[in-house]
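Read through the structure below, which is laid out as structure tokens, and then see the notes.
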Amino acid sequence: MPSTTMRPRIVRVAATAAVAAAGLTLSGCGMLASLQGGSVFTLEVGDCLAEPLGMTEISEIETAECSQPHESEVFASVMMEDGEYPGDEAVATEAEETCMSEFETFVGMPYMESELDMDMLHPTQESWDSMDDREILCIIYDPAGQTTGSLSGAAR
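As structure tokens, then:
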């Protein structure tokens, strides 16, 4: 189903040592990011996620076997250039542009024509400065619900 507007939700990765050390749960707008899973800093292309990302800064998330029902899948990873933190808007724009361009290669059709959607994990000022975080992760999901297996080549 074609869409005429941009749909991605931006999800920012935070390297908040205090939150991670406390083992707290972050939630926003009723969406949950559990801090009892693995670190978002160890996610790789092909990893599947057991829970929705939500609209919050996260440092930990639970992964799932892709052969089992899951919420989403990491479909691309791109490193930003070193240097000073370019600002929240510039990072979000680069993440969106990166993931939009990688989407068609992964799914087999343009994002704006797909029924699938995506989220992005990208550096915050804090993770950039304290952890040298430069990675943008592109996450694909089906808004209709959980999927089983990879969405690579789904062409829908």
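Each residue of the sequence shown is one higher than the last, beginning at 1 in UniProt numbering. We treat Cβ as the ideally placed atom computed from N, Cα and C, and that holds for glycine.
My output table needs one value for residue i: the three-state DSSP class, helix, strand or coil.
i           : result
Ala-50      : coil
Asp-129     : helix
Ala-33      : Below a pLDDT of 50, predicted positions are generally treated as unreliable, and Ala-33, at 34, falls in that range; the measurement from the model is reported next regardless. Strand, per DSSP.
Ala-76      : strand
Tyr-111     : helix
Ala-92      : helix
residue 166 : An answer regarding residue 166 cannot be provided, because it is not within the stretch 1 to 156 covered by the chain.
Glu-104     : helix
Glu-60      : strand
Going by CA-CA distance only, name the one from the options that's closest to residue i.
i           : options                           : result
Ala-154     : Gly-145, Ala-76, Glu-113, Phe-106 : Phe-106
Ser-77      : Leu-53, Asp-119, Gly-145          : Asp-119
residue 227 : Glu-102, His-122, Ile-58          : There is simply no residue 227 to check, as the chain begins at 1 and stops at 156 in what is shown.
Glu-44      : Ser-114, Met-112, Met-79          : Met-79
Ile-140     : Trp-128, Ser-114, Thr-56          : Ser-114
Gly-108     : Arg-156, Ala-64, Cys-48, Tyr-85   : Arg-156
Thr-147     : Pro-52, Thr-56, Ser-59, Gln-68    : Gln-68
Thr-93      : Ala-64, Ala-144, Thr-124          : Thr-124
Leu-116     : Thr-42, Ser-59, Gly-145, Asp-129  : Gly-145
Kindly indicate the opening and closing residues of the beta strand (DSSP E) around residue i.
i       : result
Asp-117 : 117-122
Leu-137 : 135-141
Work out the CA separation of residue j and residue i for me, nearest whole Å.
i       : j       : result
Tyr-111 : Glu-126 : 30 Å
Ala-21  : Gly-149 : Its pLDDT being 32, under 50, Ala-21 is placed unreliably by the model, and the measurement read from it follows with that caveat. Between Ala-21 and Gly-149, the C-alpha separation is close to 33 Å.
Asp-142 : Glu-57  : 21 Å
Cys-138 : Cys-66  : 16 Å
Could you tell me whether the Cβ of residue i comes closer than 8 Å to any Cβ of chain B?
i      : result
Met-55 : Chain labels in this structure do not include chain B; a single protein chain is all it has.
> For the segment 67-74 against the segment 87-97, are there 3 or more C-beta pairs whose distance is under 8 Å?
Replying inline: The answer is no - the segment 87-97 does not touch the segment 67-74, with fewer than three Cβ pairs under 8 Å.
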